[in-house]
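One structure below.
Residue numbers (my numbering): 328 to 554.
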């Protein structure tokens, strides 16, 4: 409770929803009706709230910019890299249930937890509490538009654009990996002209593909920068 109050800036009323926000599916918890208790539903809600809050901020912050710029900058403000960094700074992973085997969950579990936390704040305190949290914890310290303009948000888009320009063929093969710990993990394998050049893992297809694309980008960086 003390930890929550320190990062929220208020005393939460619905403690149970925050417990849910800090519960991974690998904890295998269920409610009295047999439904799984984990942060994935709150993560879904938080993802939408983060996108909407970033869009509203940009609408007022950049009145002279058009839709393309606003869309690009919104993606950068709520990028996986950005959310992972904020989550680490807040220390959210230290409170994840189960308390062990966090290394098996991958880097992106940090951002997933932040999204779930945002969802829980909305359920507990409403839209005003969410907007205040996002403004103070994410936008004010991290949404420097001049700096963000030069950052990469989608390595997948970059390598696909390069392949089209150079008439190379990039293919993603993404599938769910079976494991003994009941963790939902996807694997993405990237082939360049039928040769495997990288692999990545994530808790969703999108995250796995971006992870693999990031590895592929760095292996192809010199070629990409020449185009």
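The beta carbon of each residue, even a glycine, is placed where N, CA and C say it ideally should be. Here the structure is a predicted model, which means the values were calculated and not measured.
Rounded to whole angstroms, what is the Cα-Cα separation between residue i and residue j?
i           : j           : result
residue 424 : residue 469 : 28 Å
residue 439 : residue 453 : 20 Å
residue 534 : residue 513 : 8 Å
residue 352 : residue 493 : 42 Å
residue 544 : residue 329 : 42 Å
residue 549 : residue 341 : 51 Å
residue 332 : residue 380 : 22 Å
residue 361 : residue 354 : 14 Å
residue 504 : residue 542 : 19 Å
residue 465 : residue 489 : 32 Å
residue 551 : residue 463 : 37 Å
residue 520 : residue 426 : 43 Å
residue 395 : residue 359 : 47 Å
residue 378 : residue 467 : 15 Å
When you measure from the CB of residue i to every non-hydrogen atom of the ligand COA, does any distance come out below 7 Å?
i           : result
residue 551 : You won't find the ligand COA in this model; it holds no ligand whatsoever.
For residue i, count the other beta carbons within 10 Å of its own beta carbon; 16 or more makes it buried, fewer makes it exposed. Which is it?
i           : result
residue 413 : buried
residue 484 : exposed
residue 460 : buried
residue 478 : exposed
residue 540 : buried
residue 350 : buried
residue 384 : buried
residue 401 : buried
residue 523 : exposed
residue 337 : exposed
What do you reckon, are the CB atoms on residue i and residue j nearer than 8 Å?
i           : j           : result
residue 455 : residue 344 : no
residue 410 : residue 376 : no
residue 528 : residue 433 : yes
residue 435 : residue 530 : yes
residue 389 : residue 335 : no
residue 480 : residue 406 : yes
residue 404 : residue 487 : no
Enumerate in chain order the residues of its own chain whose CB-to-CB distance from residue i is below 7 Å, with the five nearest sequence positions on each side excluded.
i           : result
residue 443 : 348, 366, 369, 370, 373
residue 497 : 486, 487, 490, 517, 519
Considering just the uninterrupted stretch of the alpha helix (DSSP H) at residue i, what are its terminal residues?
i           : result
residue 324 : Residue 324 is absent from the model: the chain starts at 328 and stops at 554.
residue 457 : 436-461
residue 374 : 367-388
residue 395 : 394-404
residue 345 : 342-348
residue 414 : 407-417
residue 546 : 532-553
Could you pull out every residue in the same chain whose Cβ sits closer than 8 Å to the Cβ of residue i, ignoring the five residues on either side in sequence?
i           : result
residue 357 : 363, 364
residue 451 : 339, 340, 341, 344, 345
residue 415 : 437
residue 562 : What the structure shows of the chain is the stretch from 328 to 554, and residue 562 is not part of that stretch, so it cannot be assessed.
residue 532 : 501, 513, 515
Could you spell out where the beta strand (DSSP E) holding residue i opens and where it closes?
i           : result
residue 494 : Where residue 494 is concerned, there is no enclosing beta strand (DSSP E), given that its DSSP letter is neither H nor E.
residue 513 : 512-519
residue 523 : 522-529
Enumerate in chain order the residues of its own chain whose CB-to-CB distance from residue i is below 6 Å, with the five nearest sequence positions on each side excluded.
i           : result
residue 386 : none
residue 515 : 499, 501, 527, 535, 536, 539
residue 397 : 385
residue 417 : 334
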